[in-house]
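Only one structure is covered here, and it is reproduced in the block below.
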């Protein structure tokens, strides 16, 4: 129940039916309890050209205006004490694109700016990519919202169709790379970008990822000190004055470090941890290390064990909130729901630490990737989908560039598989990733910085997008210190050798965190606890799997014969690949049919 929706008219004046359409849109974002929307009108020359409806139980949209402009801020700026002066600077900015004043904004936001002189609208998205903005132009109106479902289920989105490229990439990865979506003619504004709406709809970047701004001569101790100081400031700016503050706490260094910093800056901080019930899942849980961190600071710590029924209790709601074909059954949703049950208004979260400092396991493969590339002819002959170890070899060995390394290593389905999953379709995941995130095919200083560029480009597409959507449904505002402007700027200046060396990952971050976290958070392998889909595919999820795959096979876009082959040949360890197809059918039923 945190979100906003808007409708912009090019020519005609606002009518009562438009109010109905706006109500329809904002109702899609209502969460566990319905809120009365705040309606903001935008007029010029006696005509109401746009209205925005917003809901937030604690922080209504900030609105400011002068004789030339009117603006609305959805989200938060940091430090919050500077928000008013920063927004006044935007109002006073006499440049056409407002670039200089917008670049001073640090936070999680969409900023909507309406020009009263020409009825032009500009929407700016934060550089961290926290607050999403989805939009559709039907020729007469432009509809936009923080939630994709608000646009996709609007009666003003009249021709509901699948975007085949978006769906292809949604099966290749956990979610389509933004600005693409799985819906035809619905786009997502990219992070650090500006959406301009008038007679046409255009986008451009006011900020780009500084992946090539590495300070090769940086001193290691300075790098460590700056990591700590920027993260401390970012955390302090976000948690000051919050009474009902939670912090997601796992066994990894990111959440442990941020929980410690949050508690030091706000004594009301409580930690909470998700775990799977049952001895058979004990090796997946991280509550033991999390408990050590909480105990170190005397922090109140809540641990909740989840069973299958907990995951499935709100399953249909989960499908709606995923908005596009999901990858699992909602560990993030369960974590957000637990935060709501504990009464938190805000939750500190460590997402983006891996993307900025080299935390994912594929970084450790970079050291021997050149050798594996020599074995590419052998890898091309090895059957896939037999063991995960062999599949990693096939993926990594087949990559001829760091762009391709990313596109293959993080893929759920490779293009050659998807060519068989679909009927008469073919797209290239590599071409799509390069077109979106490295359009000029510029080289990177090294493989580590190249992989980090693609990972950080992808960050808003999946983890942030899903956790934000689930949390906002429960009226919770997540706080992401790693996505602070200053943290991002410094992280990309840090030389790659201070982040990843051989099998060592997040070197500089762990050094900064060392005085504040327990030793196991620095040394133990991250387990990445989540719903055990593989284990449940032939038990708890068997009936829904069989039913939905049978329905999916009846759709003309899919190759029923190949799906049968997947069902027959893929081992149990590949349950997530099958589940992705199940979620695709569930998405079709919810949004397309």
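In the numbering used here, the protein residues as written are 3 to 595.
Cβ atoms here follow ideal geometry from the backbone N, Cα and C, with glycine treated the same way.
- The three-state secondary structure of residue 55, taken from DSSP, is strand.
- Residue burial is scored here from C-beta neighbours: residue 473 has at least 16 other C-beta atoms within 10 angstroms and is therefore classed as buried.
- Of the residues assessed, residue 58 falls on the buried side of the cut-off, its CB having 16 or more other CB atoms within 10 angstroms.
- Around the beta carbon of residue 285, fewer than 16 other beta carbons lie within 10 angstroms, which makes this residue exposed.
- For residue 512, the uninterrupted alpha helix (DSSP H) run begins and ends at 509 to 515, by DSSP.
- A residue is called buried once 16 or more other Cβ atoms fall within 10 Å of its Cβ, and residue 202, having fewer, is exposed.
- The residue from 186, 315, 207, 11 with its alpha-carbon nearest to that of residue 100 is 207.
- In this structure residue 114 touches residue 54 by the C-beta definition: roughly 7 Å separates them, less than 8 Å.
- The Cβ atoms of residue 323 and residue 475 lie closer than 7 Å to each other.
- Considering only 131, 130, 112, the residue with the shortest C-alpha distance to residue 124 is 112.
- Taken atom to atom, the span from the alpha-carbon of residue 516 to that of residue 121 is near 53 Å.
- Where residue 117 is concerned, the enclosing beta strand (DSSP E) starts and stops at 109 to 117.
- In this chain, the beta strand (DSSP E) harbouring residue 136 covers 136 to 139.
- Residue nearest to residue 298 within the set 519, 539, 15, 66 is 519 (criterion: CA-CA distance).
- Residue 7 and residue 393 have their alpha carbons spaced roughly 43 Å apart.
- Between residue 341 and residue 349 a beta carbon distance of about 5 Å is seen, short of the 8 Å cut, so the two are scored as contacting.
- For residue 307 against residue 344, the beta-carbon gap comes to about 15 Å, at or over 8 Å, which does not count as contact.
- Counting other Cβ atoms within 10 Å of its Cβ, residue 25 stays below 16 and is therefore classed as exposed.
- Between residue 420 and the set 170, 533, 38, 105, the nearest pair of CA atoms involves 170.
- DSSP places residue 11 within a strand segment (E or B) once states are collapsed to three.
- For residue 372, the enclosing alpha helix (DSSP H) begins and ends at 371 to 376.
- The beta-carbon separation of residue 362 and residue 457, rounded to 7 Å, stays under the 8 Å limit for a contact.
- Per DSSP, the continuous alpha helix (DSSP H) segment holding residue 423 begins and ends at 417 to 423.
- According to the DSSP assignment, residue 263 belongs to the alpha helix (DSSP H) that extends over 255 to 267.
- In this structure, the CA atom of residue 139 is about 42 Å from the CA atom of residue 498.
- Annotation for residue 481: the continuous beta strand (DSSP E) segment containing it runs 479 to 481.
- Here the segment 479 to 499 makes contact with the segment 225 to 233; the two share three or more CB pairs at distances below 8 Å.
- Residue 153 places its beta carbon less than 7 Å from that of residue 188.
- Among the bridge pairs identified by DSSP, residue 250 is matched with 274.
- Taking residue 117 as reference, the option from 161, 198, 81, 131 with the minimal CA-CA separation is 198.
- Here the segment 433 to 446 lies against the segment 395 to 415, with 3 or more beta-carbon pairs under 8 Å apart.
- Distance check between residue 512 and each of 360, 368, 578, 106 places 360 closest, using alpha-carbon atoms only.
- Note on geometry: alpha-carbon atoms of residue 110 and residue 556 lie some 42 Å from one another.
- In the structure shown, residue 569 falls within a helical segment according to DSSP collapsed to helix, strand and coil.
- For residue 443, DSSP assigns no beta-bridge partner whatsoever.
- Here the segment 263 to 275 makes contact with the segment 235 to 246; the two share three or more CB pairs at distances below 8 Å.
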